[in-house]
Amino acid sequence: MKKPTIGFIGLGLMGGNMVENLQKRGFELSVMDLNKDEVAKVIARGNATEAATPKELAEKSDIIMFCLTTSAVVEKIVYGEEGILAGIKEGAVLIDFGTSIPASTKKIGKDLAEKGAGMIDAPLGRTPAHAKDGLLNIMAAGDKDTFEKVKPVLDEQGENVFYLGALGAGHTTKLINNFMGMTTVVAMSQAFAAAKLAGVDTQQLFDIMSAGPSNSPFMKFCKHYAVDNVSDLGFSINNANKDLGYFVQMMNDLGSTSAIAEATSSNLQAAVAADMGNGNVPEIFDYFVDLKK
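For the sequence shown, the numbering used here assigns the number 293 to the last residue and increments by one with no breaks.
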(Lines of atoms letter the chains of each structure in order from A and count residues from 1; the text may use other names and numbers.)
(Lines give C-alpha, C1' and ligand atoms only; values in the text may rest on other atoms or scores of the structure.)
Protein backbone atom coordinates (compact mmCIF):
# COMPACT_ATOMS: atom_id res chain seq x y z
CA MET A 1 0.00 0.00 0.00
CA LYS A 2 1.33 3.45 -0.91
CA LYS A 3 2.43 5.52 2.06
CA PRO A 4 0.51 8.77 2.58
CA THR A 5 2.15 11.99 1.43
CA ILE A 6 3.03 14.15 4.42
CA GLY A 7 3.22 17.92 4.66
CA PHE A 8 5.35 19.07 7.59
CA ILE A 9 5.59 22.65 8.88
CA GLY A 10 8.12 23.48 11.60
CA LEU A 11 11.68 22.18 11.21
CA GLY A 12 13.09 23.14 14.58
CA LEU A 13 15.13 20.72 16.64
CA MET A 14 12.20 18.41 17.32
CA GLY A 15 10.39 18.83 14.00
CA GLY A 16 13.56 18.52 11.94
CA ASN A 17 14.43 15.23 13.59
CA MET A 18 10.87 13.96 13.14
CA VAL A 19 11.12 14.71 9.42
CA GLU A 20 14.47 12.93 9.17
CA ASN A 21 12.91 9.88 10.78
CA LEU A 22 9.99 9.95 8.32
CA GLN A 23 12.39 10.24 5.40
CA LYS A 24 14.36 7.23 6.63
CA ARG A 25 11.11 5.29 6.70
CA GLY A 26 10.29 6.06 3.09
CA PHE A 27 7.67 8.80 3.31
CA GLU A 28 7.36 11.47 0.65
CA LEU A 29 7.26 14.94 2.20
CA SER A 30 6.42 18.53 1.42
CA VAL A 31 7.95 20.89 3.99
CA MET A 32 7.97 24.52 5.11
CA ASP A 33 10.03 26.53 7.59
CA LEU A 34 11.31 30.09 7.89
CA ASN A 35 14.83 28.66 8.29
CA LYS A 36 15.80 27.90 4.70
CA ASP A 37 18.98 26.11 5.80
CA GLU A 38 16.83 23.50 7.56
CA VAL A 39 14.61 23.19 4.48
CA ALA A 40 17.70 22.64 2.35
CA LYS A 41 18.90 19.85 4.66
CA VAL A 42 15.59 18.04 4.27
CA ILE A 43 15.55 18.37 0.49
CA ALA A 44 19.17 17.21 0.24
CA ARG A 45 18.21 13.92 1.93
CA GLY A 46 15.79 13.25 -0.93
CA ASN A 47 12.11 12.46 -1.41
CA ALA A 48 11.07 15.92 -0.23
CA THR A 49 10.08 19.26 -1.75
CA GLU A 50 9.52 22.76 -0.36
CA ALA A 51 6.01 24.23 -0.51
CA ALA A 52 5.67 27.94 -1.22
CA THR A 53 2.58 28.40 0.97
CA PRO A 54 0.62 26.40 3.57
CA LYS A 55 -2.21 26.18 1.02
CA GLU A 56 0.10 24.55 -1.54
CA LEU A 57 1.43 22.16 1.11
CA ALA A 58 -2.11 21.17 2.09
CA GLU A 59 -3.10 20.57 -1.53
CA LYS A 60 -0.21 18.09 -1.89
CA SER A 61 -0.67 16.25 1.41
CA ASP A 62 -2.73 13.41 2.80
CA ILE A 63 -1.51 14.16 6.33
CA ILE A 64 -0.36 17.61 7.47
CA MET A 65 1.88 17.85 10.53
CA PHE A 66 2.69 20.90 12.64
CA CYS A 67 5.58 21.20 15.08
CA LEU A 68 5.18 24.89 15.87
CA THR A 69 5.82 27.23 18.78
CA THR A 70 2.49 28.81 19.73
CA SER A 71 -1.25 28.66 19.14
CA ALA A 72 -1.03 32.09 17.50
CA VAL A 73 1.39 30.71 14.90
CA VAL A 74 -0.80 27.65 14.35
CA GLU A 75 -3.89 29.81 13.77
CA LYS A 76 -2.01 32.11 11.38
CA ILE A 77 -0.91 29.14 9.26
CA VAL A 78 -4.36 27.56 9.29
CA TYR A 79 -6.48 30.67 8.69
CA GLY A 80 -4.22 32.84 6.53
CA GLU A 81 -5.32 33.79 3.01
CA GLU A 82 -2.94 31.13 1.66
CA GLY A 83 -3.42 28.93 4.70
CA ILE A 84 -4.08 25.26 5.37
CA LEU A 85 -7.85 25.71 5.49
CA ALA A 86 -7.83 27.13 1.96
CA GLY A 87 -6.05 24.11 0.50
CA ILE A 88 -6.81 21.05 2.63
CA LYS A 89 -8.30 18.08 0.79
CA GLU A 90 -11.42 16.22 1.85
CA GLY A 91 -10.32 13.22 3.90
CA ALA A 92 -6.95 14.74 4.84
CA VAL A 93 -5.86 14.98 8.48
CA LEU A 94 -4.03 17.75 10.33
CA ILE A 95 -1.87 16.62 13.28
CA ASP A 96 -0.65 19.30 15.71
CA PHE A 97 2.41 18.01 17.59
CA GLY A 98 2.99 21.31 19.39
CA THR A 99 1.69 22.44 22.76
CA SER A 100 -1.40 24.52 22.01
CA ILE A 101 -4.40 26.01 23.80
CA PRO A 102 -7.19 23.38 23.81
CA ALA A 103 -9.92 25.91 22.96
CA SER A 104 -7.96 26.94 19.85
CA THR A 105 -7.46 23.30 18.87
CA LYS A 106 -11.18 22.57 19.13
CA LYS A 107 -12.02 25.64 17.02
CA ILE A 108 -9.62 24.59 14.28
CA GLY A 109 -10.94 21.02 14.36
CA LYS A 110 -14.50 22.26 13.90
CA ASP A 111 -13.53 24.41 10.92
CA LEU A 112 -11.58 21.57 9.31
CA ALA A 113 -14.52 19.22 9.75
CA GLU A 114 -16.65 21.60 7.70
CA LYS A 115 -14.16 21.02 4.86
CA GLY A 116 -14.40 17.25 5.28
CA ALA A 117 -10.95 17.03 6.94
CA GLY A 118 -9.93 15.68 10.32
CA MET A 119 -7.64 16.83 13.12
CA ILE A 120 -5.61 15.13 15.82
CA ASP A 121 -3.84 16.98 18.62
CA ALA A 122 -0.75 14.98 19.51
CA PRO A 123 1.72 16.75 21.81
CA LEU A 124 5.02 15.03 22.42
CA GLY A 125 7.10 13.67 25.24
CA ARG A 126 10.81 12.81 25.24
CA THR A 127 13.62 14.52 23.35
CA PRO A 128 14.75 15.43 19.82
CA ALA A 129 17.11 12.44 19.95
CA HIS A 130 14.08 10.18 20.44
CA ALA A 131 12.37 11.97 17.54
CA LYS A 132 15.19 11.06 15.17
CA ASP A 133 14.77 7.36 16.05
CA GLY A 134 10.96 7.32 16.08
CA LEU A 135 10.83 6.75 19.83
CA LEU A 136 8.70 9.65 21.05
CA ASN A 137 5.82 9.49 23.50
CA ILE A 138 2.75 10.79 21.65
CA MET A 139 -0.41 11.94 23.46
CA ALA A 140 -3.02 11.80 20.69
CA ALA A 141 -6.67 12.86 20.77
CA GLY A 142 -9.50 13.38 18.32
CA ASP A 143 -12.19 11.42 16.53
CA LYS A 144 -11.40 7.72 17.03
CA ASP A 145 -11.75 6.81 13.36
CA THR A 146 -9.45 9.68 12.40
CA PHE A 147 -6.93 8.52 15.00
CA GLU A 148 -7.01 4.96 13.66
CA LYS A 149 -6.49 6.32 10.14
CA VAL A 150 -3.20 8.04 11.08
CA LYS A 151 -2.03 5.68 13.82
CA PRO A 152 0.24 3.66 11.48
CA VAL A 153 2.17 6.86 10.79
CA LEU A 154 2.20 7.85 14.46
CA ASP A 155 3.59 4.40 15.25
CA GLU A 156 6.52 5.20 12.94
CA GLN A 157 7.22 8.30 15.06
CA GLY A 158 6.49 7.14 18.59
CA GLU A 159 7.46 4.21 20.74
CA ASN A 160 4.39 4.89 22.85
CA VAL A 161 1.24 6.29 21.21
CA PHE A 162 -1.54 7.04 23.70
CA TYR A 163 -5.14 7.68 22.63
CA LEU A 164 -6.73 10.13 25.07
CA GLY A 165 -10.21 10.71 23.68
CA ALA A 166 -11.92 13.73 22.14
CA LEU A 167 -10.04 16.47 20.30
CA GLY A 168 -8.22 18.75 22.74
CA ALA A 169 -7.55 16.04 25.32
CA GLY A 170 -3.95 15.70 24.13
CA HIS A 171 -3.16 19.38 24.54
CA THR A 172 -5.04 19.45 27.85
CA THR A 173 -3.03 16.50 29.17
CA LYS A 174 0.27 18.04 28.01
CA LEU A 175 -0.51 21.35 29.73
CA ILE A 176 -1.45 19.56 32.97
CA ASN A 177 1.76 17.51 32.76
CA ASN A 178 3.88 20.63 32.19
CA PHE A 179 2.06 22.52 34.95
CA MET A 180 2.98 19.75 37.36
CA GLY A 181 6.56 19.47 36.17
CA MET A 182 7.47 23.13 35.81
CA THR A 183 5.77 24.15 39.08
CA THR A 184 7.82 21.45 40.80
CA VAL A 185 11.08 22.62 39.22
CA VAL A 186 10.44 26.28 40.07
CA ALA A 187 9.57 25.42 43.69
CA MET A 188 12.61 23.17 44.12
CA SER A 189 14.89 25.76 42.54
CA GLN A 190 13.67 28.33 45.05
CA ALA A 191 14.24 25.84 47.86
CA PHE A 192 17.91 25.57 46.87
CA ALA A 193 18.11 29.36 46.49
CA ALA A 194 16.65 29.82 49.99
CA ALA A 195 19.29 27.46 51.38
CA LYS A 196 22.09 29.35 49.67
CA LEU A 197 20.80 32.71 50.89
CA ALA A 198 20.49 31.35 54.43
CA GLY A 199 23.97 29.80 54.44
CA VAL A 200 22.65 26.23 54.55
CA ASP A 201 24.76 23.64 52.69
CA THR A 202 22.86 22.89 49.49
CA GLN A 203 24.36 19.41 49.08
CA GLN A 204 23.16 18.52 52.57
CA LEU A 205 19.73 19.93 51.73
CA PHE A 206 19.59 17.66 48.70
CA ASP A 207 20.73 14.64 50.76
CA ILE A 208 17.94 15.27 53.27
CA MET A 209 15.18 16.02 50.76
CA SER A 210 16.12 13.14 48.46
CA ALA A 211 15.91 10.70 51.38
CA GLY A 212 12.18 11.39 51.59
CA PRO A 213 9.12 11.48 49.32
CA SER A 214 10.26 14.71 47.61
CA ASN A 215 12.92 12.73 45.74
CA SER A 216 12.34 12.76 41.99
CA PRO A 217 14.11 13.20 38.66
CA PHE A 218 13.08 16.85 38.78
CA MET A 219 14.84 17.29 42.11
CA LYS A 220 17.98 15.82 40.60
CA PHE A 221 17.80 18.26 37.67
CA CYS A 222 17.48 21.15 40.14
CA LYS A 223 20.35 19.83 42.26
CA HIS A 224 22.57 19.38 39.23
CA TYR A 225 22.30 23.10 38.51
CA ALA A 226 22.06 24.58 42.01
CA VAL A 227 24.80 22.40 43.54
CA ASP A 228 26.87 21.02 40.65
CA ASN A 229 26.42 23.91 38.16
CA VAL A 230 25.33 21.48 35.42
CA SER A 231 22.26 22.45 33.37
CA ASP A 232 20.78 19.29 31.88
CA LEU A 233 16.97 19.40 31.95
CA GLY A 234 16.77 20.47 28.30
CA PHE A 235 13.57 22.53 28.62
CA SER A 236 13.87 26.30 28.42
CA ILE A 237 12.43 28.96 30.69
CA ASN A 238 10.84 30.47 27.56
CA ASN A 239 8.97 27.22 26.84
CA ALA A 240 7.93 26.79 30.46
CA ASN A 241 6.70 30.37 30.52
CA LYS A 242 4.57 29.76 27.41
CA ASP A 243 3.12 26.50 28.73
CA LEU A 244 2.25 27.88 32.18
CA GLY A 245 0.57 30.85 30.51
CA TYR A 246 -1.45 28.43 28.39
CA PHE A 247 -2.38 26.42 31.49
CA VAL A 248 -3.62 29.58 33.21
CA GLN A 249 -5.68 30.45 30.11
CA MET A 250 -7.04 26.89 29.92
CA MET A 251 -8.21 27.06 33.53
CA ASN A 252 -9.92 30.37 32.80
CA ASP A 253 -11.57 28.82 29.73
CA LEU A 254 -12.83 26.04 32.01
CA GLY A 255 -14.41 28.61 34.33
CA SER A 256 -11.84 27.96 37.05
CA THR A 257 -8.53 29.39 38.24
CA SER A 258 -5.17 28.23 39.57
CA ALA A 259 -3.32 30.50 41.97
CA ILE A 260 -0.43 28.02 41.97
CA ALA A 261 -0.05 28.23 38.19
CA GLU A 262 -0.41 32.01 38.28
CA ALA A 263 2.39 32.29 40.84
CA THR A 264 4.68 29.97 38.89
CA SER A 265 3.85 31.83 35.69
CA SER A 266 4.70 35.13 37.38
CA ASN A 267 8.13 33.83 38.38
CA LEU A 268 8.81 32.49 34.89
CA GLN A 269 7.72 35.78 33.31
CA ALA A 270 10.09 37.66 35.63
CA ALA A 271 12.97 35.36 34.67
CA VAL A 272 12.23 35.92 30.98
CA ALA A 273 12.17 39.68 31.60
CA ALA A 274 15.58 39.29 33.26
CA ASP A 275 16.91 37.87 29.95
CA MET A 276 17.10 34.29 31.27
CA GLY A 277 14.56 32.80 28.87
CA ASN A 278 17.00 30.72 26.84
CA GLY A 279 18.33 28.95 29.92
CA ASN A 280 16.96 25.63 31.17
CA VAL A 281 14.24 25.89 33.82
CA PRO A 282 16.44 24.95 36.83
CA GLU A 283 18.54 28.04 36.03
CA ILE A 284 15.71 30.09 37.56
CA PHE A 285 17.71 29.33 40.73
CA ASP A 286 19.94 32.28 39.78
CA TYR A 287 16.93 34.56 39.53
CA PHE A 288 15.79 33.57 43.02
CA VAL A 289 19.29 34.11 44.46
CA ASP A 290 19.52 37.56 42.85
CA LEU A 291 16.14 38.60 44.29
CA LYS A 292 17.98 39.38 47.52
CA LYS A 293 19.79 42.32 45.89
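Built from N, CA and C at the ideal position, the CB exists for glycine as well.
query: Three or more C-beta pairs below 8 Å linking the segment 84-104 and the segment 67-76; result: yes
query: Sufficient close CB pairs (3 or more, under 8 Å) joining the segment 81-89 to the segment 51-64; result: yes
query: Own chain residues within Cβ distance below 7 Å of D232, not counting five before or after; result: F221, H224
query: Whole runs of the alpha helix (DSSP H) within the segment 214-253, excluding any shorter than 4 residues; result: 217-226, 237-253
query: Residue burial classification, S256 (beta-carbon count within 10 angstroms, cutoff 16); result: exposed
query: Candidates L34, A273, N267, of which the one nearest G10 by Cα; result: L34
query: Status (buried if at least 16 other CB within 10 Å, exposed otherwise) for A240; result: buried
query: Neighbourhood of A131 by C-beta distance below 6 Å, restricted to the same chain and skipping five residues each side; result: M14, N17, M18
query: I63, buried or exposed, once every other Cβ within 10 Å from all chains shown has been counted against 16; result: buried
query: The segment 180-190 / the segment 247-264 touching (three or more Cβ pairs under 8 Å); result: yes
query: Those runs of the alpha helix (DSSP H) which lie wholly inside the segment 103-186 and span at least 4 residues; result: 128-132, 144-157
query: For I95, three-class secondary structure by DSSP; result: strand
query: Exposure of E283, with buried meaning 16 or more beta-carbon neighbours within 10 Å; result: buried
query: 7 Å Cβ shell around K151 - same chain, five flanking residues per side excluded; result: V161
query: Of the residues L94, V272, V39, the one placed nearest E75, counting alpha carbons only; result: L94
query: Buried/exposed call for N178, threshold 16 Cβ in 10 Å; result: buried
query: Cβ pair A117, I138 closer than 8 Å; result: no
query: Where the beta strand (DSSP E) containing F66 begins and where it ends; result: 63-66
query: K106 versus M65: straight-line alpha-carbon distance, rounded; result: 16 Å
query: With 16 other Cβ atoms within 10 Å as the buried cut-off, status of I176; result: exposed
query: Cβ-based neighbour list, G125, same chain, cut-off 6 Å, excluding 5 preceding and 5 following; result: N137
query: Close beta carbons around I260, own chain, < 7 Å, minus the five adjacent residues each side; result: T183
query: For A51, three-class secondary structure by DSSP; result: coil
query: Residue closest to N47, alpha-carbon to alpha-carbon, out of G26, M32, E38, S61; result: G26
query: For I9, the first and last residue of its enclosing beta strand (DSSP E); result: 6-9
query: Burial state of V230, where buried means 16 or more other Cβ atoms lie within 10 Å; result: exposed
query: Continuous alpha helix (DSSP H) stretch holding V272: start and end; result: 259-273
query: Simplified DSSP assignment, three categories, for L29; result: strand
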